[in-house]
Amino acid sequence: MTSRTIELKGKTALVTGSARRIGREIGLELARQGMNLIIHHGSSDAEAASALREAQALGVQAQVIKADLRDPGQISAMFAQVERTMGRLDVLVNSASVFASGAFLEVTLEAWQSALAVNLTAPFLCSQHAARLMGEQGGTIINILDLSAYAPWKSYPHHSVSKAGLKMLTEVMALSLAPRIRVNGIAPGPMLRDEGNSPEQWERIGQRLPLKHTGDPADVARAVTFLATEPFITGAILQVDGGELLL
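Below, the structure is given as structure tokens:
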């Protein structure tokens, strides 16, 4: 039987928020697959330069674009640069996110608008630009959510709303852009220990999961590659969470 898996080598990917954390690993994994890479960041200059060096060392074309995703004009300029310098776009990963906490009655309008702007409006605008740039050749869009898209996180009300909206946006786009463009999402579970968790606390977080350990950004990156290469999947949200959603 002939494989229908989509070849990524020589194609072009844009990963928002790819200077650091999960977005960085996603971008570098796509570069390992032979994709030319646009590294987007908002303010992580040093990390973006480091990611650029790593990508170029893999033998692919790579560039860095700095853009504030809260500004629609900067989003437009970013895609204009992609079209001018790369001439095509095959994969968009909407990975950039803000992650702010706060009790519901303490969330300011500014914090609310920032969460919605980066986590929901920016993926909407980026996806519109990407879909137009992909043209008749088609492509794939992958949105990075988290488990707050399924159940509210009490201490992250504005974040939860933005990710729930992104889940629905993923499904709406999958219907609207088919058959030319496939759209899917990934909802990671515990991946990166923050300063608020000691190693012992992080171990306990892993032990409460069905798979008994926390994840790694590489787990999400491999899932992105899978969704980018499988031609018969669209409108799906893949939980890469160690089974946390089952609890």
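Residue numbers for the sequence shown follow the numbering used here, beginning at -10 and rising by one. Cβ atoms here follow ideal geometry from the backbone N, Cα and C, with glycine treated the same way.
Please report how far the alpha carbon of residue i lies from the alpha carbon of residue j, in whole angstroms.
{"i": "residue 89", "j": "residue 145", "result": "7 Å"}
{"i": "residue 63", "j": "residue 101", "result": "20 Å"}
{"i": "residue 42", "j": "residue 192", "result": "33 Å"}
{"i": "residue 228", "j": "residue 136", "result": "8 Å"}
{"i": "residue 189", "j": "residue 177", "result": "21 Å"}
{"i": "residue 53", "j": "residue 6", "result": "11 Å"}
{"i": "residue 218", "j": "residue 96", "result": "40 Å"}
{"i": "residue 39", "j": "residue 124", "result": "32 Å"}
{"i": "residue 213", "j": "residue 127", "result": "17 Å"}
{"i": "residue 98", "j": "residue 130", "result": "30 Å"}
Quick one: residues in its chain with C-beta nearer than 8 Å to the C-beta of residue i, no 5 flanking neighbours on either side, listed in chain order?
{"i": "residue 222", "result": "171, 173 and 216"}
{"i": "residue -2", "result": "22, 23 and 24"}
Taking the alpha-carbon of residue i as reference, which of the options has the nearest alpha-carbon?
{"i": "residue 164", "options": "94, 225 and 72", "result": "225"}
{"i": "residue 61", "options": "139, 200 and 109", "result": "109"}
{"i": "residue 11", "options": "120, 132, 209 and 71", "result": "209"}
{"i": "residue 8", "options": "99, 67 and 33", "result": "33"}
{"i": "residue 180", "options": "169, 194, 168 and 167", "result": "194"}
{"i": "residue 112", "options": "93, 99, 160 and 143", "result": "160"}
{"i": "residue 120", "options": "79, 55 and 94", "result": "79"}
So, at 6 Å on beta carbons, what are the nonlocal neighbours of residue i in its own chain, with the 5 sequence-adjacent residues on each side left out?
{"i": "residue 134", "result": "152, 155, 156, 174 and 176"}
{"i": "residue 31", "result": "57"}
{"i": "residue 92", "result": "none"}
Using a Cβ-Cβ cutoff of less than 7 Å, which residues in the same chain neighbour residue i once the five nearest sequence positions on both sides are dropped?
{"i": "residue 199", "result": "231, 232 and 235"}
{"i": "residue 182", "result": "191"}
Between the beta-carbon of residue i and the beta-carbon of residue j, is there less than 7 Å?
{"i": "residue 1", "j": "residue 75", "result": "yes"}
{"i": "residue 3", "j": "residue 81", "result": "yes"}
{"i": "residue 73", "j": "residue 106", "result": "no"}
{"i": "residue 237", "j": "residue 147", "result": "Residue 237 falls outside the range modelled here, since the chain spans only -10 to 236, and no answer is possible."}
Is the region 196 to 214 touching the region 142 to 159 in the sense that three or more CB pairs, one from each, lie closer than 8 Å?
no
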